[in-house]
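Participant: Before anything else, here's the structure in question.
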Amino acid sequence: MLLSKKNKEVLFNPFSKDNPVLVQILGICSTLAVTVNLEPAIVMGISVTAVLAFSNVIISLIRNTIPTTIRIIVQLVVVAALVIIVQQFLVAYDYDVSKQLSVFIGLIITNCILMGRLEAFAMSNKPWPAFLDGIGNGLGYAIILVIVAFFRELLGSGTILGYQVIPQWCYDHGYMNNGLMILPPMALIVVACLIWVHRAHNKDLQEE
Amino acid sequence: MEELNLFVKSIFVDNMIFAYFLGMCSFLAVSKNVKTALGLGVAVTFMLVVTIPLNYLLDKYVLQPGAMRWLSPALGGVDLSFLGLIMFIAVIASATQLVEMAVEKFSPSLYNALGIFLPLIAVNCAILGCALFMQQKDFGSVWTATVYGAGSGIGWLLAIVGLAAIREKLAYSNVPKPLRGIGITFIITGLMGIAFMSFLGIKLG
């Protein structure tokens, strides 16, 4: 009952067919900026999922009382309040990661995934599907974040979550970490490769 | 001299797009031709020049720990910095609204040129991002902060116009099918970013 066919689609479509990053091209800024290492990427993914799910529910609950002319401001205030909670929570429990993420936690407010989902889904749906939509899109975003961060950390620093995974003898035989992967522009190119692979498998998404 | 250094640095070295990826969504969406790209770029620069000094004053005289001392000594211990985000976004959203109305009234031609871009700017992360960086960098005066805002805006403008020009030429090239459209745009942005990194370490004076 809770997961009818339609709700399942709402929850699982964003993982691939309707992925917020690869297909809807939303939330690019943070995807690129926080993916140098895996740990901040995971934290960011969870934070966005939480904010998205709860802001979807709140907006969906009050959707019939918001005057359309000021809805953007109402949405921004709801999102900003939730982001402040997340920010304070991170500062309290995971200070190092919150330092690494710096302004990007604050920038969840202007993450287009949030405004996009609030406008496109929460404003016209009941709270439960809206919650699932938030979770689905948040996790769809988090998956891309983790994949990009995985490759960037592995190739750029030779570590995964801070643990050395490329053995020492590789370095002894002349293997070098690719310093370019740590630099911001490479994030764009990694995402481009993901889009390439994704669209090669989903031909209907290709552009003319 | 210090301001000039900051200005050049915020245009080229700390470029909003290539170094921080801010304002990426509109950057990718509105870069199909040079004319609209220029319109959006000008609108963003303009909003940065307006909102950065406002947010600076707000931060300096209301939000920072002990910032309200100028009102009365009793308020010296108040720390409102946790409200930063919500205040900044409120300033940006309302400034966008005000500027939109003012431009519509006083310069209809500019209003028509900027058109739909003005309201979109409220949710452009470059504006909020710049405000947050401004807070982090802790500038000495409102003038320095304005210079930083103007530099960041011009950097953003250069980047989007450059990308739009390349994309216009790209129409004539044979790109692999799955990469067409957004994929190749990502790669171009990445390559432009690498090119911009050659400005690293530039210092004037």
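Taken in sequence, the protein lines are chains A and B. Just so you know, we're using the numbering used here here: the first sequence kicks off at 1219 and counts up by one. Just so you know, we're using the numbering used here here: the second sequence kicks off at 803 and counts up by one. Glycine included, every Cβ here is placed at the ideal spot set by N, Cα and C. Every value quoted in this text rests on a predicted model; they were computed, and no experiment measured them.
For the alpha helix (DSSP H) containing residue 907 (chain B), name the first residue and the last one.
Facilitator: It spans 886 to 908 - the alpha helix (DSSP H) in which residue 907 (chain B) sits, taken as one unbroken run.
Participant: Just the C-alpha distance for residue 881 (chain B) and residue 888 (chain B), rounded to the nearest angstrom, thanks.
Facilitator: Whole-angstrom Cα-Cα distance: 15 Å.
Participant: Give the secondary structure of residue 822 (chain B) by DSSP, where H, G and I count as helix, E and B as strand, and everything else as coil.
Facilitator: Residue 822 (chain B) falls in the coil class under three-state DSSP.
Participant: Please check if any C-beta of chain B sits within less than 9 Å of the C-beta of residue 1255 (chain A).
Facilitator: So, not an interface residue.
Participant: Taking Cβ-Cβ distances below 7 Å as the criterion, which residues of the segment 1274 to 1286 of chain A are in contact with chain B?
Facilitator: Going along the segment 1274 to 1286 of chain A in chain order, one finds no residue with a Cβ nearer than 7 Å to chain B.
Participant: Would you say residue 1343 (chain A) reaches chain B, if we count a Cβ-Cβ gap shorter than 9 Å as a contact?
Facilitator: Answer no: the Cβ-Cβ gap between residue 1343 (chain A) and chain B never drops below 9 Å.
Participant: Please classify residue 1404 (chain A): is it buried, with 16 or more other beta-carbons within 10 angstroms of its beta-carbon, or exposed?
Facilitator: The residue is buried, with at least 16 neighbouring Cβ atoms inside 10 Å.
Participant: Could you tell me how far apart the beta carbons of residue 926 (chain B) and residue 828 (chain B) are, in whole angstroms, since I believe they sit closer than 8 Å?
Facilitator: Indeed, because the Cβ distance is near 6 Å, the residues count as touching under 8 Å.
Participant: For residue 976 (chain B) and residue 1401 (chain A), I'd like the C-alpha separation in whole angstroms.
Facilitator: If I take the Cα positions, the gap works out to 28 Å.
Participant: Closest Cβ-Cβ distance between residue 1404 (chain A) and chain B: below 9 Å?
Facilitator: Taking Cβ atoms only, chain B reaches closer than 9 Å to residue 1404 (chain A), which makes this a yes.
Participant: Could you give the distance in angstroms between the alpha-carbon of residue 931 (chain B) and the alpha-carbon of residue 824 (chain B)?
Facilitator: Approximately 7 Å, taken between the alpha carbons.
Participant: Which full runs of the alpha helix (DSSP H) of 4+ residues lie inside the segment 919 to 957 of chain B, going along the chain?
Facilitator: Qualifying alpha helix (DSSP H) stretches, in chain order: 919 to 922 and 927 to 939.
Participant: Give the secondary structure of residue 1327 (chain A) by DSSP, where H, G and I count as helix, E and B as strand, and everything else as coil.
Facilitator: Coil, per DSSP.
Participant: Please identify the residue among B:968, B:872 and B:839 whose C-alpha is closest to the C-alpha of residue 958 (chain B).
Facilitator: It is B:839.
Participant: Can you give me the C-alpha to C-alpha distance between residue 1293 (chain A) and residue 1390 (chain A), rounded to a whole angstrom?
Facilitator: Distance between the alpha carbons of residue 1293 (chain A) and residue 1390 (chain A) is about 55 Å.
Participant: Flag this pair as yes or no: are the beta carbons of residue 808 (chain B) and residue 950 (chain B) separated by less than 9 Å?
Facilitator: Yes, these two residues count as a Cβ contact at 9 Å.
Participant: Would you mind sorting residue 1330 (chain A) into buried or exposed? The rule is 16 or more other CB atoms within 10 Å of its CB.
Facilitator: Buried, because 16 or more other Cβ atoms sit within 10 Å of the Cβ of residue 1330 (chain A).
Participant: With a CB to CB cut of under 8 Å and the five nearest residues on each side skipped, what residues in its chain are close to residue 987 (chain B)?
Facilitator: 830, 833, 965 and 969.
Participant: Is residue 969 (chain B) close to chain A, meaning its C-beta is less than 9 Å from at least one C-beta of that chain?
Facilitator: Not closer than 9 Å to any Cβ of chain A, the Cβ of residue 969 (chain B) fails to qualify, so no.
Participant: How is residue 991 (chain B) classed by DSSP in three states: helix, strand or coil?
Facilitator: It is helical.
Participant: Taking residue 1169 (chain A) and residue 1312 (chain A) to be in contact with their CB atoms under 8 Å, please state how far apart those CB atoms are, rounded to whole angstroms.
Facilitator: This structure cannot speak to residue 1169 (chain A), because chain A is shown only from 1219 to 1426.
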